[in-house]
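Just remember that the numbering used here sits 3 ahead of the position in the sequence shown, which is counted from 1.
Glycine included, each C-beta is placed from N, C-alpha and C at the ideal position.
These numbers were taken from a predicted model, which means no experiment stands behind them.
What follows is a single structure, written as structure tokens, with notes after it.
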Amino acid sequence: SLDDVVWDYQQLRGGSEEDGFALEPEVGLFAMKRDQVARALEPLENAGIEVDLIQLMPLAVYNFVCFDRLGDLNEQPFDPSNPPKSTVVISLGADTTDLVVTNGFRVWQRNIPIGGNHFTRALSKELKLTFVKAEHLKRNAMQADDPKAVFQAMRPVFSDLLAEIQRSLGYFMSIDKQAQIGNVIALGNAMKLPGLQRYLAQNLELEVKRVDEFQQLSAGSAAGAAQFKENTLAFAVAYGLCVQGLGKSEIRTNLLPEEIVRRRLVRAKKPWAVAGAAAILAGLTFNYFTHYSAWSDTQTPEMEKAISAATSVSSTASTYESQRTAIKAKAEEVLTIKENLTSNVEGRFRWLELTKAIAAALPKDERPLKEEGELDEIAAAIMDRNELHITSVDARKFTDLQGEYLSVVQSQYDDSRASGGDDAASADVAAVDEFGGGAAAFDSGGAVDASGGGGGEGGPGQWVIQLTGHHYHNLDRTNQTARFINNTLIKNLETITVMLPDEWDPTANRWTGKLIEVPITDLKIHHPWVFVTTGIQTEMRDLDAELKGIEDGAALGAGGMRPPMFGGAGEGVLGGEEVGPNGQPLARIVKLKRCDFVVQFCWEPTTREQRRELRIAREEKAAADAAAAASEAEAGEGFDDGGVDAEDPAAQ
4 SLDDVVWDYQ QLRGGSEEDG FALEPEVGLF AMKRDQVARA LEPLENAGIE
54 VDLIQLMPLA VYNFVCFDRL GDLNEQPFDP SNPPKSTVVI SLGADTTDLV
104 VTNGFRVWQR NIPIGGNHFT RALSKELKLT FVKAEHLKRN AMQADDPKAV
154 FQAMRPVFSD LLAEIQRSLG YFMSIDKQAQ IGNVIALGNA MKLPGLQRYL
204 AQNLELEVKR VDEFQQLSAG SAAGAAQFKE NTLAFAVAYG LCVQGLGKSE
254 IRTNLLPEEI VRRRLVRAKK PWAVAGAAAI LAGLTFNYFT HYSAWSDTQT
304 PEMEKAISAA TSVSSTASTY ESQRTAIKAK AEEVLTIKEN LTSNVEGRFR
354 WLELTKAIAA ALPKDERPLK EEGELDEIAA AIMDRNELHI TSVDARKFTD
404 LQGEYLSVVQ SQYDDSRASG GDDAASADVA AVDEFGGGAA AFDSGGAVDA
454 SGGGGGEGGP GQWVIQLTGH HYHNLDRTNQ TARFINNTLI KNLETITVML
504 PDEWDPTANR WTGKLIEVPI TDLKIHHPWV FVTTGIQTEM RDLDAELKGI
554 EDGAALGAGG MRPPMFGGAG EGVLGGEEVG PNGQPLARIV KLKRCDFVVQ
604 FCWEPTTREQ RRELRIAREE KAAADAAAAA SEAEAGEGFD DGGVDAEDPA
654 AQ
């Protein structure tokens, strides 16, 4: 699993980029077992040497080749279909051989389990020598008594190494069809073995070059040292690590375990943490001594006496504050009781005021009701009367009038007002009785506290009032059905004044109870509209039984029951007085054009005090407007006076 290895990754130069997006990117993922890392670090840690960088040997060789042999890759274009020729690096170690194939932009590597010690063991086995003697013989094969026997003993290892290299290169060429091998570089002191370089070159059919010098490294005086020249083949790995340490390598991955890096960061910051803590401690100590110095300067008998007096005053003030808080709480409690007890006094008139406003808004016909004459004349007189008959008044209280009611009926309201009644919704009023007919309909919600006192449904709030009724004013086609309602009741609910006992005596500072005209808008009645009408229906009435009821129905609340309706005669023709079998006259039946309706409006109850404030604000605004108009008039007169004098000779 990933927990058992230390791993890192990096995107290589291979691939292309277009519009900021990498196309076919080459990403290298490199890992090393944690136990191998631990074994490699153990001797260095025991010696007190800290390791900053851990890199795989093949990648160190790759960094060496890119830096020392391939030149600056930034200046070389890369074409995936025609990549540059690849360099094969054979790094022969003691136990293994690293095979690295790279063109600088891509890298491929394989570890071959054959190294210099395998040649030594072959000599030891074939020639029956100790390992030390076999190693000495391997290094000095040309000075041996029988060089041919020496090379004959090592031939199997030569063959195995060549076979592994050929197999690896064949596999590489099979996975990268565009790749071409350019040259072969030999590394490692084992390459000094006589005949090995020539053997590989002949069988691989490629030129194999040993690294005798470094092109991008200036060794200085060390370059001429015999030991430096003798070990040049072994410096490639160290060279690649140095290049990476200087930040000039192609591969920058680091397999140093993260916990070691974290531990070093913490250890590196410890001195700063200690220094910071010491600085804070020094600052606190200095602050303490400054405060102590200031305190000691003021710690005198006079100061102690003053502090004692101030403490006593503070204690007394706290006592008084506690008493004041208790008194305030008691006063608020008394005020609450007062509000609960007197709320009915202020709100007892609300429903009476609403009833009076509705009564004032209803159209009234002062003409006496025609009772005698021809039946058609009586019917026409009834249908010409400017009267609305209200059969029920219902109300519902809303917490949020705008959100719960106005937003629901806004489109219907706008259509009704814009059409002037022509487009009022037509429906059976009986179907919406008890307010079950639509989104805006509602039931009465129970009995209403007529006093308008605190608590319950009758208290102040936001209400929708619904008036259910009918009228017979349907002869004039230009002023019938909903249009007649809009021209009378709806218009009055927006414009008329109501006589209410709202006069205030500022001298005596009390209400006088005298009736004065109050705009109906001050009662916060708004958004009146015809919710629904039935259109024109035919109704047959017995004049002797119902005529008096029709006259009384002009008042609010009259006719609580809808009169009986009959199907009957054709349009515009009244029934006549008929005679029964015994010669007695029958009932006088007339046919009327009836329109049932439902009207709704919003009501936010106001008190007399609130209406007085509205009246004062209105008077102040009127006075301000009058003063502004007078100022403008004076300014205009002053401008006229500044004209040319007619008697001035210069003006003649």
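Problem - Residues that Gly472 bridges to, as DSSP identifies them - result: Ile393 and Phe600
Practice task
Answer with buried or exposed for Asp98, where buried requires no fewer than 16 other C-beta atoms within 10 angstroms of its C-beta.
Solution key: exposed
Exercise for the section: May I ask you to verify whether the stretch 142-157 touches the stretch 68-88, counting CB pairs closer than 8 angstroms and requiring at least 3? Expected result: Per the Cβ contact rule, the stretch 142-157 is not in contact with the stretch 68-88 (fewer than 3 Cβ pairs under 8 angstroms).
Problem - CA-to-CA distance, Thr328 to Pro522, given in whole angstroms - result: 44 angstroms
Practice task
Put Asp545 into one of helix, strand or coil per three-state DSSP.
Solution key: strand
Handout entry: 8 angstroms Cβ cutoff met for Ala237 and Gly191
Key = Closer than 8 angstroms, so yes.
Practice task
Output the distance between the C-alpha atoms of Phe487 and Thr524, rounded to the nearest integer angstrom.
Solution key: C-alpha of Phe487 to C-alpha of Thr524: approximately 22 angstroms in a straight line.
Practice task
Starting from Lys36, follow its DSSP beta bridges and name the residues at the other end.
Solution key: Val8
Handout entry: Cβ pair count under 8 angstroms reaching 3, the stretch 154-173 against the stretch 109-126
Key = yes
Problem - Simplified DSSP state of Val521, which is helix, strand or coil - result: strand
Handout entry: Phe175, enclosing alpha helix (DSSP H) - first and last residue
Key = Pro150 to Ile178
Problem - Pro159 versus Arg124 - alpha carbon distance - result: If I take the Cα positions, the gap works out to 11 angstroms.
Exercise for the section: Count the C-beta pairs between the stretch 466-478 and the stretch 378-396 that are closer than 8 angstroms, then say yes if the count reaches three, no if not. Expected result: Touching, yes, given that three or more Cβ pairs across the two stretches are closer than 8 angstroms.
Handout entry: Nearest neighbour of Phe2, chosen from Ala144, Gln205, Val40 and Asn234 [CA to CA]
Key = For the chain, the structure presents residues 4 to 655; residue 2 sits outside this window and is missing.
Handout entry: DSSP bridge partner residues for Ile57 (one or two, in chain order)
Key = BP columns for Ile57 are empty, so no partner.
Practice task
With a threshold of 16 other CB atoms inside 10 Å of the CB of Gln603, please say whether the residue is buried or exposed.
Solution key: Buried is the label assigned to Gln603, since at least 16 other Cβ atoms lie within 10 Å of its Cβ.
Handout entry: Rounded straight-line distance, which links the Cα of Asp75 to that of Gly227
Key = Between the C-alpha atoms of Gly227 and Asp75 there is a straight-line separation of about 28 angstroms.
Handout entry: Leu503 - partner residues in DSSP beta bridges
Key = Ile519
Handout entry: Residue nearest to Val533 in terms of C-alpha spacing, selected from Ala625, Gly423 and Ser395
Key = Gly423
Handout entry: Exposure of Met194, with buried meaning 16 or more beta-carbon neighbours within 10 Å
Key = Around the CB of Met194, 16 or more other CB atoms lie within 10 Å, so the residue is classed as buried.
Exercise for the section: Give the DSSP-derived three-state secondary structure of Asn114 in the structure shown. Expected result: strand
Exercise for the section: Report the rounded CA-to-CA distance for Leu404 versus Trp466, giving the unit in angstroms. Expected result: Their Cα atoms are separated by approximately 7 angstroms.
Problem - Whole-angstrom distance between Ala182 and Met176, CA atom to CA atom - result: Taking the Cα positions, Met176 is about 6 angstroms away from Ala182.
Problem - Beta-carbon separation (whole angstroms), Thr536 vs Ala485, contact threshold 8 angstroms - result: 5 angstroms
Exercise for the section: Spell out a yes or no on whether the stretch 33-51 and the stretch 197-212 are touching, meaning 3 or more CB-CB pairs, one atom from each, closer than 8 angstroms. Expected result: no
Problem - Proximity below 8 angstroms, CB of Ala41 to CB of Leu244 - result: no
Handout entry: Rounded separation between Leu338 and Lys331 - CA only
Key = Roughly 10 angstroms separates the two Cα atoms.
Handout entry: Simplified DSSP state of Asn234, which is helix, strand or coil
Key = coil
Problem - Given Met499 as reference, the closest of Lys359, Thr133 and Pro509 once Cα atoms are compared - result: Checking the displayed sequence, the identity of residue 499 turns out to be Ile instead of Met. With distances taken between Cα atoms, Ile499 lies closest to Lys359.
Problem - Where Val214 falls: helix, strand or coil (DSSP) - result: coil
Problem - Paired residues, beta bridge with Ser89 - DSSP - result: Ile184
Exercise for the section: Report yes if the C-beta distance between Arg591 and Leu365 is below 8 angstroms; otherwise report no. Expected result: no
Handout entry: CB contact flag (Phe70, Lys251, <8 angstroms)
Key = yes
Practice task
May I ask you to report which of helix, strand or coil DSSP gives Leu595?
Solution key: Looking at Leu595 - three-state DSSP - the assignment turns out to be strand.
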